[in-house]
Amino acid sequence: TVLMARGILSLSDQREIGWEWGHCGWRTCGAQADVVQTLCKLQEGLGLFVPAEAVFYLDVARRGLDEILRIAGGNGLLSASEMQWVSSHTYLEKEMLDAILGEEDTPNGEDWDL
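Take the sequence shown: its letter number 10 is residue 12 in the numbering used here, and every next letter is one higher.
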């Protein structure tokens, strides 16, 4: 990504953003891969998903994009008003996630850590 090429991100920030899906190899893929994979799944299943599933995929993609924007903002690449805009986003609530995913789909049967 442009952020990675500029050389202004710390190693930790680079890992958080990660690599494009399919290019991460043995590394943890990160937010960028989450966004790409989620949008690909959404495009693949267009017309097959019930609305709640589509909303879930859009929520996952938005969380990933917001994470990348937060990292950019933390490195001085976004203005205060842009950071406020990113911080103002709300996501699906735990109850909605449980309704879409079912409680048995949570990691190790534990509650989601939102």
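Just so you know, even glycine gets a beta-carbon here, dropped at the ideal spot from N, CA and C.
Quick check on DSSP: helix, strand or coil for Y93?
Three-state DSSP puts Y93 in coil, outside helix and strand.
Please state whether the Cβ-Cβ distance between G66 and V88 is less than 8 Å.
No, these two residues do not count as a Cβ contact at 8 Å.
Confirm, please, whether the CB-CB distance from L41 to A63 is below 8 Å.
Going by C-beta atoms, A63 is nearer than 8 Å to L41.
Which runs of the alpha helix (DSSP H) fall wholly inside the region 29 to 60 and span at least 4 residues, in chain order?
Qualifying alpha helix (DSSP H) stretches, in chain order: 33 to 46.
Should L44 be counted as a contact of the ligand GDP given a C-beta to heavy atom distance under 7 Å?
The ligand GDP is not part of the structure shown, which contains no ligands of any sort.
Got a sec, what are the start and stop residues for the alpha helix (DSSP H) I10 sits in?
From DSSP, I10 is part of no alpha helix (DSSP H); its letter is neither H nor E.
Helix or strand or just coil, what does DSSP make of L80?
In this structure, L80 counts as coil in the three-state DSSP scheme.
For G117, which three-state DSSP category applies?
There is simply no residue 117 to check, as the chain begins at 3 and stops at 116 in what is shown.
How long is the line joining the alpha carbons of T92 and G9, rounded to whole angstroms?
Using only the alpha carbons, I get a separation of about 31 Å.
Only counting the same chain, and skipping five residues up and downstream in sequence, which positions put a Cβ closer than 6 Å to that of G75?
Correct list, in chain order: M85.
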